[in-house]
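Chemist:
Numbering (our numbering), first residue to last: 1473 to 1724.
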């Protein structure tokens, strides 16, 4: 039986899903959690989607609200690992560097997720869950990771979600046509992304659909809010304004 004391030090968002030995315990099924009171309500939202789907645009929009903190992907950490540009090396030679990059990516995701939360809502640009279910899985399916490497990263991921408070309250899936994502990627001119082919974006789109829409990879860590980001920027801002209450779990 789970004791209330087990949850005393958990932030509010971790009470929705508690992971133990690869099982998900929803708080409505645990009578002990009904006795836990007076937790400060903090919300954790993960913004997911393809490369170039508009995640940074959404985060910049919600950064204007006083009770929202946004955390963008730790690109600076990836392009300077003691002087090594791991992102550039990944795209130039994925078969050689996928295992190295993804090991580091999992570490940096957990670092962002577990930093002290200072505002009511934290919005993350992707999560440890998409790192594993989408990007690591895609590298394995494309044979840039071999079976042993994939198995090691899988165990690394499972250990992280069991040992750290990585719960989510909401997943916002920004759904966009991969060819439009490719056009946006080329316009932003990030030199590390020059070698990225449109086929990678097509594969990532399919995997996001399998993960978040079809739920082919098992139970999701949080409810999913889907937003069509094929729209022009001005229309997107109108959508964000109309949907902000749902996106932020009614925290505004």
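Just so it is clear, CB atoms sit at the ideal spot from N, CA and C, and this is done for glycine as well.
Who are the near neighbours of residue 1501 in its chain, counting only those whose CB is closer than 7 Å to its CB and skipping five residues on each side?
Modeler: Low local confidence applies: a pLDDT of 41 at residue 1501 is under 50, so the model's placement there is unreliable, with the coordinate-based value given in what follows. Hits under 7 Å: none found.
Chemist: Taking the Cβ atom as the reference point for each residue, do residue 1612 and residue 1622 lie within a distance shorter than 8 Å?
Modeler: The answer is yes: Cβ separation under 8 Å.
Chemist: Which value, in whole angstroms, describes the spacing of the CA atoms of residue 1696 and residue 1631?
Modeler: 24 Å
Chemist: Give the C-beta separation of residue 1642 and residue 1721 to the nearest angstrom, bearing in mind that I take them to be a contact with Cβ-Cβ under 8 Å.
Modeler: 5 Å
Chemist: What does DSSP give as the partner residue(s) for residue 1704 in the beta ladder?
Modeler: According to DSSP, residue 1704 bridges with nothing at all.
Chemist: Just to check my reading of the structure: residue 1698 and residue 1517 have Cβ atoms closer than 8 Å, yes? What is that Cβ distance to the nearest angstrom?
Modeler: In fact, because the Cβ distance is near 14 Å, the residues do not count as touching under 8 Å.
Chemist: Classify residue 1496 as helix, strand or coil using the three-state DSSP reduction.
Modeler: Note that residue 1496 scores a pLDDT of 40, beneath 50, so its modelled location is shaky; the value from the coordinates is reported in the next line. Residue 1496 falls in the strand class under three-state DSSP.
Chemist: Classify residue 1627 as buried or exposed, calling it buried when 16 or more other Cβ atoms lie within 10 Å of its own Cβ.
Modeler: exposed
Chemist: Going along the chain, which residues of its own chain have a beta-carbon closer than 8 Å to the beta-carbon of residue 1560, five neighbours each way excluded?
Modeler: Result list for residue 1560: 1551, 1663 and 1664, in chain order.
Chemist: Is residue 1542 helix, strand or coil by DSSP?
Modeler: strand
Chemist: Give, in chain order, every unbroken run of the alpha helix (DSSP H) that is at least 4 residues long and sits entirely within the region 1597 to 1630.
Modeler: Listed in chain order, the complete alpha helix (DSSP H) runs (minimum 4 residues) inside the region 1597 to 1630 are 1609 to 1613.
Chemist: Take residue 1690 as the anchor and find which of 1605, 1618, 1600 and 1620 has the nearest alpha-carbon.
Modeler: 1605
Chemist: In the structure shown, what three-state DSSP assignment does residue 1686 receive?
Modeler: coil
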